[in-house]
Amino acid sequence: GKGKGKGKGKGKGKGKGKGKGKGNSNSCPSFDEIMQYVQMEYDVEACILVEIGWADQDGNIVQDTIDADIASLQAGVQAGLDEDAVDQCIDQRVIEMEEELGDCADEFSDEESTALEDLAVKVASFECFMENFHDACTNFISTDVMNFVMAALQNGVMNG
């Protein structure tokens, strides 16, 4: 599908500038439009997370399963995972999403606002974890694996 790359920048670009200034309610997306957009944008990811047991059918995180899976990773990959960096990323993404809504945020009921905040945190958590995980794997391959390969080549050359 379209837009299914590295997960960077998802949710951006939609409705840029809307709700700024005049507060024209016609330019604001409805609650249902936002929910449908996110569902379409993340349906594959959500399905995968449920299938591997990292989320339940309601989209809630199953932390025990995630922790067990992460504990089974190579130590070098685990070492690259940075919970503080992920938390900072989540905070920043949620702020960006709130800014993107701008004055449109006033159009939603308290219940809708709470649901949108929960959704923003879930989306940001997914994106930020995946970026951190990608970075941890990349760093592991570029350092640990390459060091292993270089050592093996040197040993092969010296012992050959």
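Going by this note's numbering, the final residue of the sequence shown carries number 193, and the count climbs one at a time with no gaps.
Cβ coordinates follow ideal geometry from the N, Cα and C atoms, glycine included.
So the candidates are the options; which of them puts its Cα closest to the Cα of residue i?
i	options	result
Ala-108	Ala-169, Glu-133 and Pro-62	Ala-169
Thr-176	Leu-134, Ala-79, Glu-131 and Val-110	Val-110
Ser-63	Gly-189, Leu-106, Ser-146 and Thr-98	Ser-146
Phe-173	Asp-136, Ala-148, Gly-113 and Glu-144	Gly-113
Gly-92	Leu-134, Ala-104, Tyr-75 and Ile-103	Tyr-75
If you reduce the DSSP assignment to three classes, tell me which class residue i lands in.
i	result
Ile-85	coil
Ser-105	coil
Asp-115	coil
Ala-169	helix
Ser-60	helix
Phe-141	coil
Checking the sheet assignment: what are the DSSP bridge partners for residue i?
i	result
Ile-94	Ala-88
What's the call for residue i, buried or exposed, on a 16-neighbour Cβ count within 10 Å?
i	result
Phe-162	buried
Phe-159	buried
Cys-80	exposed
Ala-101	exposed
Ala-104	exposed
Asn-180	exposed
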